[in-house]
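Going by the working numbering, the first residue of the sequence shown is number 37, and it counts up by one from there.
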Amino acid sequence: MTEKACAPSEEITIEAAQWIVRLSAGNAAQQRQAAEEFARWKSESRQHAQAAHELHGVLEQVNSLLDTSNGDPAPLCAGLKTAMTQPRLPDRMRRAVAALVLICGIGLPLWLTYQAYPADYLLADMRTATGAWAAQTLVDGSRITLGTRSAVNFRFDARHRTVELVKGEILVEVAHDRARPFLIQTADGSIEALGTRFLVRRDDSGTVVSMLESKVSIHAAGQQAQTPVIVAAGQRIRLHGDTVGAPEPIDAAALERAWRNHRLVGRQRPLTELLDELNRYRPGRILYDQAQLKGLEMTVVLPLDDTQRALQLLVDCVPGLRVRQFTPYLTYIDLLPTP
37 MTEKACAPSE EITIEAAQWI VRLSAGNAAQ QRQAAEEFAR WKSESRQHAQ AAHELHGVLE
97 QVNSLLDTSN GDPAPLCAGL KTAMTQPRLP DRMRRAVAAL VLICGIGLPL WLTYQAYPAD
157 YLLADMRTAT GAWAAQTLVD GSRITLGTRS AVNFRFDARH RTVELVKGEI LVEVAHDRAR
217 PFLIQTADGS IEALGTRFLV RRDDSGTVVS MLESKVSIHA AGQQAQTPVI VAAGQRIRLH
277 GDTVGAPEPI DAAALERAWR NHRLVGRQRP LTELLDELNR YRPGRILYDQ AQLKGLEMTV
337 VLPLDDTQRA LQLLVDCVPG LRVRQFTPYL TYIDLLPTP
């Protein structure tokens, strides 16, 4: 088995970060219990042990920097920036390091969390910060609206109108131009507008296209010579790598209404999925006890432009749900212990 195959997944790395939160929370008895459970968790697999070892190594470097900084944030910032940009540091570790920086309450400026973002996001023609939306009318009269943590590049010429979605989510309203096709490109493929209005989302799991009106033509990356897949209004499709999934039905009107009103609508949706989505709109990081929350589903409408209120709504709806805020940028969610 290769070294890459043995490496911990991002899910395991984040789970290790959650254990580190538990080890430093609660009273002495709770910390002892957490330490015993953490030891069992590490013994379950090689990947668990490796993720814990890697994160402990990062914490040791952070503590060393804290000991020598004498309250001066400059060396700490420089050291962390160097660590976060090491070429061999996996993306999963960059995200976990950013979370651990916040967990430790180091008091660094918020911009440090952006070291986890790729350079193509930082250098994009248009981008939005966490929890922000932005709209722009393009030179051809088309309109594009960016959701949270989104980034795009524009390439318009005499023959084509191309928008590259680097990451995040966009609402596209296309102006008619028979001579120049309108294309959305992502790492997973290309989407040619055959109509007017649709949503495109790009994240680590692939690209999702949701048709609100008319239709689009889709080619997966590396499959340009094959017959395109047509997606019509009221359908959603996922692209990942060189694969295009089967269309799924959606309520286009409800989806657009929720998106424009900055609402997250969940219908019998897992609580963990709702928290993952809130994470995109909240500065810092929401961590949660995945084992405890597994199996909990909710039907709820949450305000994405007020994540604090959204979390309170979840507490009101889920008996025993506990939200603990360690710093303004680190929130941990689990269930209250049973008496």
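Glycine included, every Cβ here is placed at the ideal spot set by N, Cα and C. Every value quoted in this text rests on a predicted model; they were computed, and no experiment measured them.
Check	Outcome
Best match in A170, L350 and R321 for proximity to L332 [C-alpha to C-alpha]	L350
Other residues of its chain near A85: CB distance less than 7 Å, five sequence neighbours each side excluded	K78
Cβ-Cβ distance between E209 and R233 below 8 Å	yes
As assigned by DSSP and simplified to three states, the class of S246	strand
Contacting residues, own chain, Cβ-Cβ under 6 Å from Q271 (five flanking each side not counted)	M247 and P283
As assigned by DSSP and simplified to three states, the class of L410	Outside the displayed range of the chain (37 to 375) lies residue 410, so it cannot be described from this structure.
E80: first and last residue of the uninterrupted alpha helix (DSSP H) it sits in	It is not in any alpha helix (DSSP H) - E80 carries neither H nor E in the DSSP assignment.
For H196 and N297, the rounded distance between their alpha carbons	32 Å
Top-ranked residue by Cα proximity to L373, from R316, L329 and R299	Note that residue 373 is Pro in the sequence shown here, rather than Leu. Minimum Cα distance to P373 is reached at L329.
Residues sharing a beta bridge with H255, DSSP	S226
CB of L338 within 8 Å of CB of R299, strictly	yes
Range of the contiguous beta strand (DSSP E) that encloses R293	Looking at the DSSP string, R293 is not in any beta strand (DSSP E); the run it does join, the alpha helix (DSSP H), is A288 to R296.
Counted within 10 angstroms of its Cβ, other Cβ atoms place R214 as buried (16 or more) or exposed	exposed
Residue from R191, G177 and D176 whose Cα sits closest to the Cα of A160	R191
G302 versus A171 - alpha carbon distance	25 Å
Selection from T222, D240 and L323 that minimises the alpha carbon distance to A256	T222
Residues near Q361 by beta carbon distance below 7 Å, same chain, minus five either side	T367
Buried or exposed (CB count within 10 angstroms, at least 16 for buried), Q262	exposed
Delimiting residues of the beta strand (DSSP E) encompassing R305	R299 to P306
Sub-8 Å separation of D325 and D370 beta-carbons	yes
Rounded separation between R318 and A88 - CA only	26 Å
Contact under 8 Å by Cβ, V188 with E205	no
Neighbourhood of R305 by C-beta distance below 7 Å, restricted to the same chain and skipping five residues each side	E333 and M334
Proximity of T243 and L275 at Cβ, strictly below 8 Å	yes
DSSP beta-bridge partners of F362	Answer by DSSP bridge pairing: none, since F362 is not bridged.
Cβ-based burial, P44 [other Cβ within 10 Å; buried from 16]	buried
T335 - DSSP class collapsed to helix/strand/coil	strand
Where the beta strand (DSSP E) through T181 begins and ends	R179 to L182
Alpha-carbon to alpha-carbon, P285 and L146	Only weak support exists for where L146 lies, its pLDDT of 40 falling under 50; the value from the coordinates is given anyway. Cα to Cα, the separation comes out at about 40 Å.
Proximity to A289 [Cα-Cα], best of Y365, E47, S250 and I322	S250
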